[in-house]
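Quick note: the sequence shown, position 143, residue 149 per my numbering, numbers continuous.
For reference, the structure discussed in these notes is given below.
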Amino acid sequence: MRLEKVVRITSGNMGRNVAFTRAPKKGNEEKQYTQAIEKGLDYLGIQNRALILHGPSFPANPEGNDTQIGSPFEADRVVEFAKIHGFNQIQLGPNGKLNKGDTSPYTSSVFEKNPLFINEQMLTTDDFAGILSQEDIEKASKKTKTNGQNYARIDFKKANENKSELISVAYSNFKEKLAQRDQKALRLNDEFEAFKTRSADWIEYYSVLNVISKKHNTDFYPYWPQEDQNLIQDVKRGDRFAISRFEGIKKDNADFIEQYKFAQFLVGKQAKIDANKRGDFTYIGDIEVGTSSLDEVVFKDVFLDGWKIGCPDGGPMNSPQLWGMAVLDPNKLFNDDGTLGPAGKFLKAKLVNGMTGAQGVRIDHAIGLVNPYIYRESTVHKIRQNGVEIPDKNRLHAGRMCNIGLDRNHNYEKILTRIVLPTMREMGVNPQDVIWEDLGWDESGAFQKIFRGQLHLPGISGMKWTKSSDVNRAGTAYIGCHDDKPGKQIIESGEYKNWEYCWNPQYLAQSLHPVEGNKRADIEQKVATNPKDFWKAKVADLLKSGAKNEQFTFMDVLGIDRLFNTPGTSGGDNWTLRMNPNFEAAYYRDLENDGWALNMPEVLAMAVEARMEQDIVDRTKTEFQARREAQPIIRDLNKWAQILKEKEN
């Protein structure tokens, strides 16, 4: 089997330091490689295979310019790479506009889209009336450089500067083309006007708040004077002074506001164009439990005053995680006549907005829709233990919603049946196909009773704490998530010992070779002595489960030894990890060197063999039948696994 040499630039110097790496040759070889992987996945019953990759983490073009942040709308190379290796989905993070100075997507806006995702190259095309030129792009960005690592970093500060400049230039060019009666610009303007009409119920409020945010250099509203914090609510209740001030801000900042609206329009239009060109390859949207600071200002009346949502454990020294996210007021979810109250309408709009344009959906922190852990913000006091700052539990007024006396009518326990599931059906989403992030412990049992006992919704099984035999095959199994350490760190740090029952070599050997024999002893020896074999065995164990949905972080697939986010913390390198511009070359090079990147045919071959032997032991198939079906798949996968490991001549 011949493989071609794939040339990738590994330095900012375009003429030097060229690396040659191995990859299936374009055409028949690549097709055969992908078919081998897909046969293995089909044998295991895995229908959906998602690469977890948040929007900002998409790579720069190695032969173009970089604005210091990625975009899910500039993803042709990533999608092609993912499809070759058997993936048919990308699990994005929330795509809302970020709070200033906060890089977490889980406190992003419900309604505002993230303008950092605007793909400037798309603005050079006829679809966008050519409102940017290559010269414009080059002025507001730099030639792509690599750092010699297999990963890159997002520079949010520089990205904001670059994107702001590009949006400003694009808007100026757009106005100039309109003045010249350019036909393409006129058509684009018709779309823009229609967008403003469709978005009128929210965009006017947010546009004015963006002016106020700029004035105070922060959109964290507690730092604003009271008249600014309360402006939108005063306008909504008809206060004449507030309305006059609101209209005055709009008039005095008309150009800034129109440019803001134009950026929101561009993001939405690009998302639609991108979705239409990806065919069967889908993006999964992520509906976060949180909201942005400006969301709280616009919809102040729907939130529980003085309370925030968090998690009772998982922070430093297993302290509570204080997320600082607003809590929907349980008494405003439903009206007395059973219709949706203001908080219920807000949640429904949030769900509709999150599902619009996405081909799949993930519900973040599902337990928060039934019985969230909440705390009174005024009772947060920090103490230091062993050099670490954590909340003082003795002074913290916190607990589950149903235990704390704030939801006497148990309205939160009705959210799934009366808001979430009906909205999904209206949007054409099957709740059984949703990625329900059901992790967490509810000591009251309310979540378990409703989510599983009554509704029988599928949840998530994480590799860290789950045996393949315990996975709900109708749900989702993931090889890590955005809050997990990559495989190398889990093993080398010894963190896996926290879940010894599903990580010890004897268990893995038995799981991967249920039929006793020399192979079982061999794998136990490898797992016990070789960290990389240990990792491969654990991945194969979860693949063996055959869960309907399997998800892999881009860190684990590419062998990146860096954290994406540390739960319960903020700042630092959190949320800044990004794919290297030359990620394909780095991936194949890592496979050649037997690094930590996942050799997909290798781990699939292990999983298929394990499933075959399990069928024999369980007598669900005769030995002859099981081996006849599985062995050709295993042979083909092993062939490709070895090809990917071969050194370049």
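Just so you know, even glycine gets a beta-carbon here, dropped at the ideal spot from N, CA and C.
In this text the structure is predicted, and so the values were computed from the model without any measurement.
| Check | Outcome |
| --- | --- |
| Classification of residue 250 by the beta-carbon crowding that lies within 10 angstroms, buried from 16 upward | exposed |
| Proximity of residue 191 and residue 202 at Cβ, strictly below 8 Å | no |
| Simplified DSSP assignment, three categories, for residue 104 | coil |
| Distance CB(residue 225)-CB(residue 334) smaller than 8 Å | no |
| Boundaries of the beta strand (DSSP E) in which residue 243 is found, first to last residue | Per DSSP, residue 243 belongs to no beta strand (DSSP E) and is neither H nor E. |
| Element boundaries [alpha helix (DSSP H), containing residue 150] | Run containing residue 150: none; DSSP gives neither H nor E here. |
| Cβ distance (whole Å) where residue 110 is taken to contact residue 103 below 8 Å | Their Cβ separation, rounded to whole angstroms, is 12 Å, which puts residue 110 and residue 103 out of contact at 8 Å. |
| Extent of the continuous alpha helix (DSSP H) run through residue 48 | 34–50 |
| DSSP-derived helix/strand/coil call for residue 301 | helix |
| Residue 646, DSSP secondary structure in three states | helix |
| Beta-carbon gap between residue 355 and residue 308 smaller than 8 Å | no |
| Cβ contact (3+ pairs, closer than 8 Å) linking the stretch 643–650 and the stretch 608–615 | yes |
| Cβ separation of residue 79 and residue 125, assumed to be a contact under 8 Å, to the nearest whole Å | 4 Å |
| Local conformation of residue 520 per DSSP, three classes | coil |
| Residue 143 vs residue 180 beta-carbon contact at 8 Å | no |
| For residue 556, the nearest candidate out of 484, 565 and 545 (CA to CA) | 484 |
| Spatial neighbours of residue 254 in its chain, beta-carbon cut-off 6 Å, leaving aside the 5 residues before and after | none |
| Backbone secondary structure at residue 80 - three-state DSSP | coil |
| DSSP-derived helix/strand/coil call for residue 276 | helix |
| Backbone CA spacing between residue 325 and residue 397 [nearest angstrom] | 7 Å |
| Residue 494 burial status per 10 Å Cβ neighbour count (16 or more: buried) | buried |
| Check: residue 456 C-beta below 7 Å from any heavy atom of the ligand ADP | By its list of ligands, the structure shown contains no ligand whatsoever, and the ligand ADP lies outside what it can speak to. |
| Beta-carbon proximity list for residue 581, same chain, < 8 Å, skipping 5 on both sides | 60, 62, 109, 110, 111, 160, 570 and 571 |
| Whole alpha helix (DSSP H) elements within the stretch 200–255, 4-residue minimum | 206–222, 232–235 and 237–242 |
| Reduced DSSP secondary structure (H/G/I, E/B, other) of residue 18 | Any answer about residue 18 is weak, because its pLDDT of 36 lies below 50 and its placement is not dependable; what the coordinates show is given next. Of the three classes helix, strand and coil, the one that applies to residue 18 here is coil, per DSSP. |
| DSSP-derived helix/strand/coil call for residue 493 | helix |
| For residue 126, three-class secondary structure by DSSP | helix |
| Whole-number beta carbon distance between residue 290 and residue 366, since they are thought to touch under 8 Å | 4 Å |
| Short Cβ contact (8 Å threshold) for residue 472 with residue 358 | no |
| Start-to-end residues for the alpha helix (DSSP H) that takes in residue 429 | 427–432 |
| Residue environment, residue 186, which counts as buried when at least 16 other CB atoms sit within 10 Å | exposed |
| Three-state secondary structure assigned by DSSP to residue 483 | strand |
| Residue range of the alpha helix (DSSP H) that includes residue 361 | 348–361 |
| Whether residue 639 touches residue 266 by CB criterion (8 Å) | no |
| Own chain residues within Cβ distance below 7 Å of residue 130, not counting five before or after | 136, 138, 139 and 140 |
| Reference residue 576; option with closest CA among 35, 386, 593 and 489 | 489 |
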